[in-house]
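S.K.: Okay, here's the structure, questions in a sec.
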């Protein structure tokens, strides 16, 4: 299946916001898939990155997804869009550990919410379609180091990947996904599983 085949799976009512979640471990290929979907949708789409919702250091916790401010994602983006109202949120700045410029997300059309922990249980009811991207751990680590630099390896190996394993084990987001796709690359999407 190619990316156009994937977008054909979406059924959308005109004039309403259609929320698509793309989740998977760090480096799985979520952002790449989100950009490909955005380009293939004739009506266009807005991408909201979960990395823009990383929690301020003073607000991080050890619970599942505790490094992200998922409540802010829910309140500022998912709730208003699910009510077909525009959304507005501030991007987390990874360099300053502060909230930065505001982003507006118009109601209507497709909105792709991509990133780790976007399919935690409390957020699932907001989405019309959910995609899990599966990639081998070694490939994910390689991609992460390539993107973030060798100096971040310890965060990948000691914090982020172990936390993602807990999320996958305890919440099993693949069971909530409408489809599970391979994130190993290539022009064709390999669907690993799909819900009927």
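Numbering (our numbering), first residue to last: 1350 to 1545. Built from N, CA and C at the ideal position, the CB exists for glycine as well.
Where does residue 1500 fall in DSSP's three states?
M.R.: Here residue 1500 corresponds to residue number 151 of the chain shown, with the count starting at 1. Residue state, collapsed to three classes: helix.
S.K.: Would you list the one or two residues that DSSP bridges to residue 1439?
M.R.: The sequence position of residue 1439 within the chain shown is 90, counting from 1. DSSP lists 1451 as partners of residue 1439.
S.K.: Per DSSP, which residues does residue 1543 bridge with? Please list them.
M.R.: On the chain shown, residue 1543 is found 194 positions in, with the first residue counted as 1. Answer is 1528, bridged to residue 1543.
S.K.: Could you check the C-alpha separation between residue 1513 and residue 1539 for me, to the nearest Å?
M.R.: Taking the first residue of the chain shown as position 1, residue 1513 is located at position 164. Taking the first residue of the chain shown as position 1, residue 1539 is located at position 190. Spanning the two alpha carbons is a distance of roughly 22 Å.
S.K.: Taking the alpha-carbon of residue 1380 as reference, which of 1451, 1401, 1526 and 1454 has the nearest alpha-carbon?
M.R.: As a position in the chain shown, residue 1380 is number 31, starting the count at 1. It is 1401.
S.K.: Cβ of residue 1427 within 8 Å of Cβ of residue 1466?
M.R.: Taking the first residue of the chain shown as 1, we reach residue 1427 at position 78. Taking the first residue of the chain shown as 1, we reach residue 1466 at position 117. Result no, Cβ atoms of residue 1427 and residue 1466 do not sit closer than 8 Å.
S.K.: Check for me: the alpha helix (DSSP H) holding residue 1422 runs from which residue to which?
M.R.: Translated into the one-based positions of the chain shown, residue 1422 becomes position 73. Note, residue 1422: alpha helix (DSSP H), 1419 to 1422.
S.K.: What three-state label does DSSP hand residue 1372 in the structure shown?
M.R.: Taking the chain shown and counting its residues from 1, the one referred to as residue 1372 is at position 23. Correct three-state label for residue 1372: strand.
S.K.: Round the Cβ separation of residue 1530 and residue 1461 to the nearest angstrom and send it over; I've been treating them as touching at under 8 Å.
M.R.: In the chain shown, the residue the question calls residue 1530 occupies position 181. In the chain shown, the residue the question calls residue 1461 occupies position 112. Actually they do not touch by this definition, with Cβ atoms about 14 Å apart.
S.K.: Which residues in the same chain have their Cβ closer than 8 Å to the Cβ of residue 1491, if we skip the five residues on either side of it in sequence?
M.R.: As a first step, residue 1491 is located in the chain shown; it is residue number 142 there, counting from the start. Here the set comprises 1376.
S.K.: Starting from residue 1482, trace the beta strand (DSSP E) in both directions and tell me its first and last residue.
M.R.: As a position in the chain shown, residue 1482 is number 133, starting the count at 1. Run containing residue 1482: 1478 to 1483, per the beta strand (DSSP E) assignment.
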